[in-house]
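Protein sequence lines correspond, in order, to chains A and B.
Just so you know, we're using the numbering used here here: the first sequence kicks off at 1 and counts up by one.
Just so you know, we're using the numbering used here here: the second sequence kicks off at 1 and counts up by one.
Here a beta-carbon is modelled for each residue, glycine too, at the ideal position from N, C-alpha and C.
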Amino acid sequence: MDLTTIIIIVAIIFIIVVPLMLYNSLIRKRNQVENVFASLDALLKKRYDLIPNLVATVQNYMQHEKETLTKITELRTKAISGNITPSESVDLNNQITNILRSIQVQVENYPDLKASTNFLQLQAALNEVEEQISAGRRAYNAVTTEYNTAIEVFPSNILARMMNFTRRPLFEITEAERQNVDVKSLFKN
Amino acid sequence: MHSIDEFYQFYLENFSNTNSELYKELNPYRQKAIKFFLTAISGILLAALFFILISFYEHEFDRFSNTLQGLIIGFIVLFIITILVFLGLGFSAAKKYKDIFKERVIRKIIEYIDPNLKYYPNKFIERSLFTIPNFFPNYSIDKYEGDDLVEGVIGKTPIRFSELHVQEKRRTDKSTYYVDIFKGLFINVDFNKHFKGRTYVLPDKNDKTYAKLFFLGEKQNTVYGELVKLENPEFEKICAVFSSDQIEARYILSTSLMNRIVQFRNRINREVFLCFANSQIYVAIPYKKNLFEPKIMHKTIKFELLKEYYEILLNTIGIVDELNLNVRIWTKE
Numbered sequence: 001m002d003l004t005t006i007i008i009i010v011a012i013i014f015i016i017v018v019p020l021m022l023y024n025s026l027i028r029k030r031n032q033v034e035n036v037f038a039s040l041d042a043l044l045k046k047r048y049d050l051i052p053n054l055v056a057t058v059q060n061y062m063q064h065e066k067e068t069l070t071k072i073t074e075l076r077t078k079a080i081s082g083n084i085t086p087s088e089s090v091d092l093n094n095q096i097t098n099i100l101r102s103i104q105v106q107v108e109n110y111p112d113l114k115a116s117t118n119f120l121q122l123q124a125a126l127n128e129v130e131e132q133i134s135a136g137r138r139a140y141n142a143v144t145t146e147y148n149t150a151i152e153v154f155p156s157n158i159l160a161r162m163m164n165f166t167r168r169p170l171f172e173i174t175e176a177e178r179q180n181v182d183v184k185s186l187f188k189n
Numbered sequence: 001m002h003s004i005d006e007f008y009q010f011y012l013e014n015f016s017n018t019n020s021e022l023y024k025e026l027n028p029y030r031q032k033a034i035k036f037f038l039t040a041i042s043g044i045l046l047a048a049l050f051f052i053l054i055s056f057y058e059h060e061f062d063r064f065s066n067t068l069q070g071l072i073i074g075f076i077v078l079f080i081i082t083i084l085v086f087l088g089l090g091f092s093a094a095k096k097y098k099d100i101f102k103e104r105v106i107r108k109i110i111e112y113i114d115p116n117l118k119y120y121p122n123k124f125i126e127r128s129l130f131t132i133p134n135f136f137p138n139y140s141i142d143k144y145e146g147d148d149l150v151e152g153v154i155g156k157t158p159i160r161f162s163e164l165h166v167q168e169k170r171r172t173d174k175s176t177y178y179v180d181i182f183k184g185l186f187i188n189v190d191f192n193k194h195f196k197g198r199t200y201v202l203p204d205k206n207d208k209t210y211a212k213l214f215f216l217g218e219k220q221n222t223v224y225g226e227l228v229k230l231e232n233p234e235f236e237k238i239c240a241v242f243s244s245d246q247i248e249a250r251y252i253l254s255t256s257l258m259n260r261i262v263q264f265r266n267r268i269n270r271e272v273f274l275c276f277a278n279s280q281i282y283v284a285i286p287y288k289k290n291l292f293e294p295k296i297m298h299k300t301i302k303f304e305l306l307k308e309y310y311e312i313l314l315n316t317i318g319i320v321d322e323l324n325l326n327v328r329i330w331t332k333e
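Below, the structure written as structure tokens:
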């Protein structure tokens, strides 16, 4: 076998093997994104399940907060209805997060409620699921960043374009989360 | 927590006065140990001298009568036995000295840090607990020793730790010897959140590099689990995280916990192995030397020595506060 034949063989292997590996890597990354998104969805469902309990526990005490409670029940119904796009789901969940947070703040005005064991257990469960959701978002952002980078850098970007892979949006922290807690505004009302 | 200045006062009150009860108890054993060791050493030197002399006059020795030869050999054997007896007595006195030191000094320091903590100088973390995190999967444990077990509850958080020395037996054609698998402090603390899987935070030496070396960086599974890339660059620089679950790893390693681990790591300035499993934390911190031991050659107990032990104890017990484990706002009580 002379040198040219060897070079040709190596080149052919290279041309076949490299795109294959890139292809596999892209698929694996996309699946990872989908996998984490599904886990995140499961966590969000866990939170939807807690909401009716919370409303039931809280409504006897929080007579003045009826509106907030109706709002959160509505949002939950919309979120579990199923026929919503991922971006709508993100938006709904951001709203739910904000309302849950505001309920936790308002509880301060109801000492009886604050002392009830039922509520304390619920609060612990909510804290837990919130923290899990936030972990899920971080995981989602990590794998999505990896995926987005892979479809934008050379040479995998060529393949990604052929396969119609597009950038996926990251979970952004909502405006309310980004701002530092304004302690003064909590005491105003 | 007491400051170092306060601890110095505590030292002055309790351990510096050489006329105190403590020294009255310690000194006889110290003197005995030193006396026996010195005698044994002079005996060894004498024996060495004797053997050199014999090797010079070997042909003269052959000319002695059998009885005389027998007498000389008998004398040598007796001499060696005496040396061994003295060494044994020396070691036993030193052991007694060590026991009193631990009972009267180390115990007092631990009580000073937190009166709720219990101290067992001769007990140590069970082997079954050490093997749960399986930090060193490439070794087999052949020798498992330890001492200085401390246990108690800090706030709401149970903690246990002890010194451990774990070794593996190796064989060559000529001899067998032991290599260290782990020597240092092993700590078991309750974690404040529930979780199911297993997450490791290891010193970033080779594991992460190995994991990344695989082509295109996707085959990132190791014996510890899948590589987890976290968003805190300072944390990522010193730690490699592996987990059975990407989301759970982030649930455990919240942004604040990552900062706290970095701070802890920088403050003790040592390698730290962390494993989160069974809703508990297992921590291994290697130390080269034997901790909480007295220095028998020192006439008084030196402040520097106790300060070192005090700081190690503070740092270890401080894990609970440092990692904020008393915050129990989740479902785990």
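request  = Just tell me which of A:A150, A:R167, A:P169, A:K71 has its CA closest to the CA of Y23 (chain A).
outcome  = Counting from 1 along the first sequence, the entry for residue 23 (chain A) is found at position 23. Comparing Cα-Cα distances from Y23 (chain A) to each of A:A150, A:R167, A:P169, A:K71, the minimum goes to A:A150.
task = Would you be able to state if there are at least three C-beta pairs under 8 Å between the region 154 to 164 of chain A and the region 68 to 75 of chain B?
result = no
query = Helix or strand or just coil, what does DSSP make of I80 (chain B)?
reply = Within the second sequence, the letter at position 80 stands for residue 80 (chain B). It is helical.
request  = Take the Cβ of D147 (chain B) as the centre, count every other Cβ of all protein chains shown within 10 Å, and call the residue buried at 16 or more, exposed below.
outcome  = As a position in the second sequence, residue 147 (chain B) is number 147, starting the count at 1. When all chains shown are included, D147 (chain B) counts as buried.
message = Checking 9 Å against the spacing of the C-beta atoms, do N326 (chain B) and T157 (chain B) come in under that value?
response = Translated into positions along the second sequence, residue 326 (chain B) becomes position 326. Translated into positions along the second sequence, residue 157 (chain B) becomes position 157. Yes; because the gap between Cβ atoms is below 9 Å, this pair is in contact.
key: Contacts around P155 (chain A), its chain only, beta-carbon distance under 7 Å, and the 5 residues preceding and following it disregarded   = Here the question's residue 155 (chain A) lines up with position 155 in the first sequence. Excluding positions up to five away in sequence, the list reads L22.
query = In chain order, what residues of the same chain have a beta carbon less than 8 Å from the beta carbon of T5 (chain A), not counting five sequence neighbours either side?
reply = On the first sequence, position 5 is the one that residue 5 (chain A) refers to. Result list for T5 (chain A): empty, nothing under 8 Å.
inquiry  = Which of the three DSSP states is assigned to R160 (chain B) in this structure?
reply    = The residue you call residue 160 (chain B) lines up with position 160 of the second sequence. R160 (chain B) falls in the strand class under three-state DSSP.
request  = Identify the contact partners of V36 (chain A) in chain B, using a Cβ-Cβ distance below 8 Å as the criterion.
outcome  = Looking up residue 36 (chain A) in the first sequence gives position 36. Those within 8 Å of V36 (chain A) in chain B are Q246, I247.
request  = Assign A94 (chain B) to buried or exposed, taking buried as 16 or more other Cβ atoms, counted over all protein chains shown, within 10 Å of its Cβ.
outcome  = By 1-based counting over the second sequence, the position of residue 94 (chain B) is 94. Its Cβ being crowded by 16 or more others within 10 Å, A94 (chain B) is buried.
message = By the 9 Å beta-carbon criterion, what residues does the region 305 to 330 of chain B contribute toward chain A?
response = R328, I329, W330
query = Since Q132 (chain A) meets chain B, which of its residues come closer than 8 Å, beta carbon to beta carbon?
reply = For the purposes of this step, residue 132 (chain A) is identified with residue 132 of the first sequence, where counting begins at 1. What Q132 (chain A) touches in chain B: I247, Y251.
query = What residue from A:I72, A:T144, A:T145, A:Y140 has the CA that sits closest to L43 (chain A)'s CA?
reply = Residue mapping note: residue 43 (chain A) aligns to position 43 of the first sequence, counting from 1. Residue A:Y140 is the option with its Cα nearest to L43 (chain A).
ask   = Of the residues that make up the region 120 to 144 of chain A, which ones have a beta carbon closer than 7 Å to any beta carbon in chain B?
value = A124, A125, N127, E128, E131, Q132, A135, G136, R138, A139, A142
ask   = Whole beta strand (DSSP E) runs in the region 223 to 269 of chain B with 3 or more residues, listed along the chain?
value = 225 to 228, 239 to 243
request  = Work out the CA separation of N35 (chain A) and N98 (chain A) for me, nearest whole Å.
outcome  = Within the first sequence, the letter at position 98 stands for residue 98 (chain A). Within the first sequence, the letter at position 35 stands for residue 35 (chain A). Each residue's alpha carbon lies about 26 Å from the other.
task = Count the CB pairs spanning the region 55 to 71 of chain B and the region 244 to 263 of chain B that are closer than 8 Å, and state whether there are at least three.
result = no
ask   = Looking at the structure shown, is L159 (chain A) part of a helix, part of a strand, or coil, going by DSSP?
value = As a position in the first sequence, residue 159 (chain A) is number 159, starting the count at 1. Three-state DSSP puts L159 (chain A) in a helix.
request  = Determine the chain B residues that contact S39 (chain A) at a beta-carbon separation under 7 Å, and present them in chain order.
outcome  = Along the first sequence, one-based indexing puts residue 39 (chain A) at 39. In chain order: I247.
key: Opening and closing residue of the beta strand (DSSP E) in which I181 (chain B) lies   = Your numbering for residue 181 (chain B) matches position 181 in the second sequence. First-last of the beta strand (DSSP E) with I181 (chain B): 176 to 190.
query = Using the beta-carbon of each residue, which ones in chain A are nearer than 8 Å to S243 (chain B)?
reply = On the second sequence, position 243 is the one that residue 243 (chain B) refers to. The premise fails here: S243 (chain B) is roughly 10 Å from chain A at the closest Cβ pair, so nothing lies under 8 Å.
key: Assigned exposure category for S42 (chain B) - 16 Cβ within 10 Å defines buried   = On the second sequence, residue 42 (chain B) is found 42 positions in, with the first residue counted as 1. Classification for S42 (chain B): exposed.
inquiry  = Whole angstroms are fine: how far does the CA of R250 (chain B) sit from the CA of H64 (chain A)?
reply    = For the purposes of this step, residue 64 (chain A) is taken as the residue at position 64 of the first sequence. For the purposes of this step, residue 250 (chain B) is taken as the residue at position 250 of the second sequence. Going from the Cα of H64 (chain A) to the Cα of R250 (chain B) covers about 37 Å.
Burial state of L120 (chain A) (16 or more Cβ within 10 Å) = Working through the first sequence from its first residue, we reach residue 120 (chain A) at position 120. Counting Cβ neighbours within 10 Å, L120 (chain A) comes out exposed, since fewer than 16 surround it.
query = Taking the Cβ atom as the reference point for each residue, do F86 (chain B) and F37 (chain B) lie within a distance shorter than 9 Å?
reply = Within the second sequence, numbered from 1, the residue matching residue 86 (chain B) stands at position 86. Within the second sequence, numbered from 1, the residue matching residue 37 (chain B) stands at position 37. Yes, these two residues count as a Cβ contact at 9 Å.
query = At a CB-CB cut-off below 7 Å, which residues of chain A make contact with K229 (chain B)?
reply = The residue labelled residue 229 (chain B) in the question sits at position 229 within the second sequence. Per Cβ cutoff of 7 Å: A142.
ask   = With 16 as the cutoff for other CB atoms within 10 Å, does G155 (chain B) come out buried or exposed?
value = Here the question's residue 155 (chain B) lines up with position 155 in the second sequence. It is exposed - the Cβ of G155 (chain B) has fewer than 16 other Cβ atoms within 10 Å.
request  = Counting only the same chain and skipping the five closest in sequence on each side, list residues whose C-beta sits under 7 Å from that of A33 (chain B).
outcome  = In the second sequence, counting from the first residue as 1, residue 33 (chain B) sits at position 33. For A33 (chain B), where only same-chain residues beyond five positions count, the Cβ hits under 7 Å are G90, A93, A94, Y97, I296.
request  = Kindly say whether S279 (chain B), judged by its beta-carbon, lies nearer than 9 Å to any beta-carbon of chain A.
outcome  = Position 279 of the second sequence, counting from 1, holds the residue named residue 279 (chain B). Chain A contact via Cβ: absent.
task = Enumerate, from N- to C-terminal direction, the unbroken alpha helix (DSSP H) stretches of 4 or more residues contained entirely within the region 3 to 63 of chain A.
result = 3 to 59
Nonlocal neighbours in the same chain, by C-beta distance under 7 Å from I54 (chain B), ignoring five residues either side = Residue 54 (chain B) sits at position 54 when you count from the first residue of the second sequence. Counting only Cβ-Cβ distances below 7 Å, and skipping sequence neighbours, we find F61.
Length of the line joining the Cα atoms of V241 (chain B) and F273 (chain B) = Counting from 1 along the second sequence, the entry for residue 241 (chain B) is found at position 241. Counting from 1 along the second sequence, the entry for residue 273 (chain B) is found at position 273. So the two alpha carbons sit approximately 10 Å from each other.
message = What are the residues in the region 125 to 155 of chain B lying within 9 Å of chain A by C-beta distance?
response = none
ask   = Does DSSP put D147 (chain B) in a helix, a strand or coil?
value = As a position in the second sequence, residue 147 (chain B) is number 147, starting the count at 1. Correct three-state label for D147 (chain B): strand.
message = Can you check whether the C-beta of L100 (chain A) is within less than 9 Å of a C-beta belonging to chain B?
response = Counting from one through the first sequence, the residue named residue 100 (chain A) turns up at place 100. No - not a single Cβ of chain B is within 9 Å of the one on L100 (chain A).
request  = Could you say which of A:R76, A:L100, A:R101 lies nearest to S89 (chain A) if we only look at CA atoms?
outcome  = What you label residue 89 (chain A) is simply residue 89 of the first sequence in a count that begins at 1. Closest by alpha carbon: A:R76.
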